[in-house]
Every structure is written in structure tokens, then in C-alpha cells.
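Residue numbers (my numbering): 14 to 432.
If you want it as C-alpha cells, here you go:
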């Protein structure tokens, strides 16, 4: 995929512009974060964080090249190295951005190629830790979208005003991504606990309206996605019937039905307001609806943060919550409780089906601060308290255990920079 994207970008530039190579103005930049996180629990939180500590959760390194062919034409390529999106054990080098841009006038911008979508306030710059004060962006909200990257086209129009500048951006594109699952007792295909990643093709179209000035920013967006797995039906549910391999009644099973693709509508809202005395209030909300066996992906997430700039220091606090739909949490509880009602050989099978529902029900309270070491580097520290209620798929529950009713304290330290 990255080679095809880069090749398409290069061909598009040469055909559209026809400019000699020597006329290209190239600039490059880089970014990175070295982050350490440790919890007080033996279970993994957010894939990597446990009581042993990890550098994998927040560490990333990237570089970007911007090419300017004329006042109207340009291109951008950004590559990064980070933990893999389809393995918990590997790192991955990937192309994050690779697009051509055309600005026919100051108020219009058209981009084509691999793009990062404008979902939340910091989605487009989420990899660049030096652009925000939090150690990590609240996953309760920033995980709502199945993917934030597409290969496609984006068109934006800006209206310049006296108080606020307004920008409307519409986009459409496709992406291949992975959905992570974790089975506490076993996976679907093996008898050992662990994670697995299902490849999913996404089509996404959306419209985002942003209003901003030097002090405030407001954003609202509606995104219509379509998820599919080539050659595989999706959107199946659960049926109560016989247990696998035996005429024993009372086991939930994945139904044989399903659709070729399923609709994924997403609503996003966000605002960041500068208050007197250098205080800043930021809040964001996202809601997704997915009709499948993984009904827990139908959820809403929100957070509210307050921060205060004091010279090189910016202390902050935020409270975040994510919760799957009531229907999804009820389904998880029914299937999960059924593990105690069936004979022992099928209990792990019932629990892995419960895990497939991917439930979310948790809150996070975070207190932290950032300190600007130089104009391009920032040191951050954060303590967060995570409380799970019914269950949370951000927590990899132990064998025979639960992800719900847990209290996890996490301490994080990171150093982010640009160059």
C-alpha cells in the first residue's frame, strides 16, 4: 500500500504540474516521543501498560518532507515508526501521509492521496506529542473512529471573518485497517489466551465544520463509514443453541447470517476555549453506531479538560468516560454469565464470545503537567486513575477473570520533540 500511494502521488504531481525537478522547493522536519508508562496492575491496559512498565505505549518517531512546486501546488509525505497496528509484539514502519495538494485560491484547498481525517481536534496531529499538553490523548474519545486515515480526496473551503474563520471540509476515501480483539481464556481459533487482529476494509465519507481564531476552536463533524471483510459476511449476532461438537443445549454461538458490509455512522463534537488568567477549557464528544457481533463498538465517549499556562509549565486535569450502548452491555453480561451455566468444556468458548462483543464502560481521571524544555521539546508527567464498571476492552482481563470493576493507577512520563 505505501509504495502504491507514493507512486501515485509522484505520478500525479508530474502530470498535473509538469514542472522540472530542479524547481521543487523541499523542506523536511521530524518529530518523536519517548514515553514510559507503568500501572499498579499485572493486567495489560491499552495493550502495553502494566506493573512492569513499558516504553511501547507512547513512543513514536517520524519524519516529513514537504515539496512546493508553485504557489498552488505541493505534496507531503510523512513516515513514522511505532508499535504495529496488527501485532502486540512488533514495531511497524509506515507511511502516515502521502498526498498532493492544490490551492487554486487562498480559500480553497484540494488534497488527494493518503490523508489523516479531521475527526477530533487533535486527530491530524495525534502522532506529534509536542503539539498538545497531555501525555496521551484521551482514548475514550480518540478511539471512537475505526480508522482516521484514508486514501482518497479532501476538499475544504474557508470563509475569513472578523471574529472567527470558518472552514468546511468534505472528504471521501478508503482504508484497510485492523480491529483488535482479546480473549482472556482463548481466542476463536486457539485454546490459548491472547489478542488477534481482524483485517477490515473501510470506506468513509464525511463533512466537518471548524470555526477558529487565535484563542478558540470549535468543530462538528458527521462521518459515514462502511466496513466490510472481503469474502466474509459481517454484522452477525448470537444465537442460543447447542454447544459446539456435542448435543448439549445452552451455548451461545455466532449466527450464520450477516451482511456484505455494515454502516458505521459517527458524530464528533469538540471545542477548546481560552479563559481569563491563561486558563483553557477543552471538551470533545464522539458517538459511533456499529451493528455486528461486536456491538460494544457502538459507544459514546467524552472528556472535559482544564489547563493553565504558567510560563514554561502547563498543569492540566481531565475527566473522560466511554460507554457502550445499553444493548451491547446487556448482551455482554448475558453471554459472559452463561459461562457459569454451561459444562466446563465450553466455559472458555462462552467467555471468548463475550469478549468478541468488545464492551466499553470506564472512566478516567487524569492530573498532569507539561514543561517546555526548549521551544521545540516538552517534558510531560501524568497520573491517571482508571475505573471500569461493567467491563472495558481497553483492559486485557486475566484467564477466568473480568475487565470490569477494576481500579488502575497509571503513572506516565514522556519527552516529545520536533526538529
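Beta carbons are placed, not taken as given, at the ideal position from N, Cα and C, and that holds for glycine.
Selected residue, minimal CA-CA separation from residue i, among the options
i	options	result
residue 195	381, 56, 425 and 392	56
residue 313	306, 243, 240 and 302	302
residue 156	115, 98 and 111	98
residue 133	150, 118 and 124	150
residue 173	410, 118, 140 and 91	118
residue 211	159, 426 and 219	159
residue 139	404, 75, 105 and 324	75
residue 418	431, 227, 404 and 426	404
residue 147	318, 368 and 275	318
residue 90	82, 41 and 398	41
residue 244	274, 256 and 222	274
residue 402	424, 339, 388 and 359	339
residue 361	410, 398 and 129	410
Nonlocal neighbours in the same chain, by C-beta distance under 6 Å from residue i, ignoring five residues either side
i	result
residue 136	161
residue 309	337, 341, 370, 371, 372 and 373
residue 246	271
residue 429	46, 142, 143 and 391
residue 224	177, 179 and 231
residue 293	287 and 320
residue 34	Residue placement at residue 34 cannot be trusted, given a pLDDT of 49 that sits under 50; the coordinates are not used to answer.
residue 400	376 and 420
Rounded C-alpha distance that separates residue i from residue j
i	j	result
residue 165	residue 127	6 Å
residue 295	residue 259	55 Å
residue 103	residue 96	6 Å
residue 80	residue 107	19 Å
residue 287	residue 375	28 Å
residue 54	residue 408	10 Å
residue 357	residue 285	52 Å
residue 190	residue 109	13 Å
residue 87	residue 335	39 Å
residue 332	residue 153	10 Å
residue 394	residue 422	14 Å
residue 385	residue 171	32 Å
residue 115	residue 38	15 Å
residue 415	residue 324	44 Å
residue 60	residue 70	8 Å
residue 396	residue 420	13 Å
residue 413	residue 249	25 Å
residue 253	residue 263	6 Å
residue 426	residue 67	11 Å
residue 255	residue 198	20 Å
residue 406	residue 311	13 Å
residue 205	residue 398	30 Å
Own chain partners of residue i with C-beta closer than 7 Å, once the 5 adjacent residues on each side are dropped
i	result
residue 208	101, 193, 194 and 195
residue 72	46, 47 and 48
residue 169	122, 180, 181 and 182
residue 63	52, 54, 55, 56 and 57
residue 200	207, 209 and 365
Identity of the residues DSSP links to residue i by a beta bridge
i	result
residue 266	252
residue 273	Note: residue 273 sits in no beta bridge, so no partner.
residue 9	Outside the displayed range of the chain (14 to 432) lies residue 9, so it cannot be described from this structure.
residue 57	409
residue 374	336
residue 236	219 and 279
Any chain D beta carbon closer than 8 Å to residue i
i	result
residue 51	Here chain D cannot be found, since the structure has a single protein chain.
Cβ neighbours of residue i in the same chain (closer than 8 Å, five flanking residues each side left out)
i	result
residue 251	265, 266, 267, 268, 306, 344, 348 and 366
residue 290	321
residue 229	177, 284, 285, 286 and 287
Spell out a yes or no on whether the segment 342-354 and the segment 176-183 are touching, meaning 3 or more CB-CB pairs, one atom from each, closer than 8 Å. Verdict: no, contact absent.
Pair every Cβ in the segment 315-329 with every Cβ in the segment 374-383, then say whether three or more of these pairs are closer than 8 Å. Judged by Cβ distances under 8 Å, the segment 315-329 makes contact with the segment 374-383, as three or more pairs qualify.
Do the segment 237-252 and the segment 205-219 make contact, defined as three or more Cβ pairs closer than 8 Å? Remark: three or more beta-carbon pairs, one from each stretch, lie closer than 8 Å, so the segment 237-252 and the segment 205-219 are flagged as touching.
For the pair the segment 225-238 and the segment 276-284, tell me if three or more CB-CB distances fall below 8 Å. Because the criterion of three Cβ pairs below 8 Å is met, the segment 225-238 and the segment 276-284 touch.
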